[in-house]
Amino acid sequence: MTTYNIGVLGGDGIGPEVAEQGLKALRAVMADEGFDCNLVEYPYSGEYYLKTKELVPERVIEEWRGLDAVFLGAIGHPDVEPGLVERSVILGLRFGLDLYINLRPIKLYAEHLCPLKGVKPEDIDFTVIRENTEGLYSQIGGILKKGTPDEVATVTGVYTRNGVERAIRYGYELARQRAAELGKPPRLTLVDKANAIRPHDIWTRAFAEVGQEYPDVEQDHAYVDACTMWMVKNPDWFEVVVTTNLFGDIITDLGAMLQGGMGIAASGNIHPGKTSMFEPIHGSAPKYAGKNVACPLGAISAASMMLDFLGEKKAAQRIENAIAYLLSSGKIPSADARSGLSTTQIGDMVVERMAELGE
Ligand code: IPM
Ligand code: MG
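Using our numbering, you'd call the opening residue of the sequence shown number 1374 and step up by one each time.
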C-alpha cells in the first residue's frame, strides 16, 4: 500500500478546525482507495510564535522538501506584527520549496451562492494560475529614514524569463487538459498591466512565444483592471487565467466571492513533481476561531486538490463530488459562518455523502 508523508500545519484561528475537517475527508477515502497517509504535525503559527518567538527554521524547510505534500489551515494572529508569520510559513513554503504555481480553481456549484444576478453554475468555472515565487512578493526592498518626513519605501517587482515562462507553460498545458475534459475550445487569458508597468512586457512576449507551441489554444489578454470588470460582467468568458503573483492574489479573492465566498475557495501551491502545499485561500478569521462555525469546505476542497496532485484521482473526485452535491442540493445552504451548520457537521456531511455515493 502506498503511504504518503504529509506535513500538517493547522496554524491560527479557524485554521486547525477547518484543517481537521479536510483530514477527516482524507481519512474517509483512504481505506476505500487503498492508500495510507502518515501525518506529520508542525506547530508553526502566530500563536506558537507568541509563546516561543520561533519562526520556521531552515532545517524544517529542508525536512518539508522530503515530504509528499503539506496541508495548511490558515496563518495569521492579530497580536503579531502583520505578515511576520505569514511570510515565514506561507511564503517560506512557496519560496523555500519553489512552489511556482498557485492554482486556484473558481467554480460555482449553485446559483444562489453567487452574488451576481442571473449567473448560473455553467457560467463560472475557471482556474487562475498565479505565479507564486516572484513579482511584488520578491521581498526585495525596504524602508529608509523610517518615521521621518524623508522616509522612502521601495519594493521591487521581479519577473524572470524562467519564472514567467514556466507559469505560462503550465497555463497552456492546463488550458489544453481542461478543454479535453470539458469538451470546450482551449483558451488561456494572460492578465497583466503591461500598459502602465512596461516591464510586464516580459509576460506579453513570453505568452506569445510559448503560445507558438500551442497553436490549438486561443490566446486572450486582459489588463488587470479590465479583468476585474470582466470577471463580474462576463465570468463565463474565462477558462484558464495566468497572471502575476500580486494580481493573482487580488483577482482570486474576487473569484472566491463569485463562487460563494472565501469559505469555499481552495488552492494548490505546486511545483510539479515535487513536494507541494495545499490550503484554503481564506485567512485565520480570528473572530470565528474556536466557535465551530467556520465553513470548512475550502479546506476540504484543498484536501481534494492535494489527493489529485498525489495521483489519487478517484479519491480526489469523490470528495469533490460530495461537495458539489451538498452545495447544489442546498443541503449546505451557504459557504460561510452563517450556514446554520457547524464546522464539524459539514465535515461529517461530506463523509456521509461520500459513503452514499460509494466508489
Ligand atoms: C493568499 C494570502 C497570502 C498572500 C498572505 C496571507 C501572505 O492572501 O494566499 O492569497 O498574499 O499570498
Ligand atoms: Mg490572498
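Even glycine gets a Cβ: it sits at the ideal position worked out from N, Cα and C.
Between leucine 1680 and alanine 1689, the CB-CB gap stays under 7 Å. DSSP, reduced to helix, strand and coil, places valine 1666 outside both helices and strands of the structure shown, so it counts as coil. In this structure the region 1413–1420 does not lie against the region 1474–1487, because fewer than three pairs of beta carbons, one per stretch, are closer than 8 Å. Excluding sequence positions up to five before and after alanine 1708, its CB lies within less than 6 Å of the CB of Gly1633, Gly1634, Gly1636, Ile1637, Cys1668 and Leu1670, all in the same chain and listed in chain order. With a minimum length of 4 residues, the unbroken runs of alpha helix (DSSP H) contained wholly in the region 1642–1726 fall at 1670–1683 and 1686–1701. By the beta-carbon neighbour count (other beta carbons within 10 angstroms, threshold 16), serine 1702 is exposed.
Threonine 1601 and glutamate 1504 do not touch by the CB rule: their CB atoms are close to 18 Å apart, not below 8 Å.
Here DSSP, grouped into helix, strand and coil, assigns glutamine 1632 to coil. Per DSSP, the beta bridge partners of glutamate 1504 are Ile1474. Scanning its chain for C-beta atoms nearer than 8 Å, with the 5 sequence neighbours on each side dropped, one finds around glycine 1439 the residues Asn1378 and Thr1648, in chain order. Placement of the Cβ of aspartate 1622 at a distance of less than 6 Å from at least one heavy atom of ligand 2 is found.
Note that the region 1387–1399 touches the region 1447–1455; at least 3 beta-carbon pairs, one per stretch, sit closer than 8 Å. Note: threonine 1425 is not bridge-paired with any residue in the DSSP secondary-structure output. Under the three-state reduction of DSSP, tyrosine 1415 is assigned to coil, being neither helix nor strand. In the DSSP assignment, leucine 1445 forms a beta bridge with Leu1382. Looking at the backbone, the Cα of leucine 1470 and that of arginine 1542 are separated by about 19 Å.
Cβ-Cβ distances below 8 Å link valine 1525 to Ile1516, Leu1517 and Lys1518 in the same chain, with the five nearest sequence neighbours on each side left out; the list follows chain order. Counting of Cβ neighbours within 10 angstroms places glutamine 1512 among the exposed residues, the total staying below 16. Within the same chain, and ignoring the five residues on either side of glycine 1514 in sequence, the residues whose Cβ sits closer than 6 Å to its Cβ are Thr1527, Val1528 and Thr1529.
Assigned with DSSP and collapsed to three states, glutamine 1394 falls in helix. Short of 6 Å from the beta carbon of proline 1659, and not among the five residues preceding or following it, lie these beta carbons of its own chain, in chain order: Gly1386 and Pro1451. Secondary structure at serine 1511: coil, using DSSP grouped into helix, strand and coil. Checking the 6 Å criterion, the Cβ of isoleucine 1643 is out of range of every heavy atom belonging to ligand 1. Here alanine 1483 is actually not in contact with glycine 1720; their C-beta atoms are around 19 Å apart, not less than 8 Å. The count of Cβ pairs closer than 8 Å, one atom from the region 1400–1412 and one from the region 1454–1467, stays below three, leaving the stretches out of contact.
In the three-state reduction of the DSSP assignment, glutamate 1435 falls in the helix class, which pools H, G and I. Under the three-state reduction of DSSP output, histidine 1450 falls in the coil class, being neither helix nor strand. Looking at the DSSP output, threonine 1376 sits in a beta bridge with Asp1409.
Taking 6 Å as the cut-off, one finds no heavy atom of ligand 1 near enough to the beta carbon of glutamate 1504. Residue nearest to proline 1455 within the set Leu1486, Leu1563, Tyr1422 and Phe1444 is Tyr1422 (criterion: CA-CA distance). Per the coordinates, the alpha-carbon of isoleucine 1673 lies some 16 Å from the alpha-carbon of serine 1712.
Each residue's CA atom was taken as its position, placing tyrosine 1661 and lysine 1493 some 30 Å apart.
With a cutoff of 7 Å on beta-carbon distance, proline 1608 and leucine 1631 are scored as near each other. For aspartate 1496, the three-state secondary structure derived from DSSP is helix. Tryptophan 1610 and arginine 1551 have their C-alpha atoms some 14 Å from each other. Taking valine 1724 as the centre and dropping the five residues before and after it, the same chain places the C-beta of Lys1397, Ala1398 and Ala1401 closer than 7 Å to its C-beta, in chain order.
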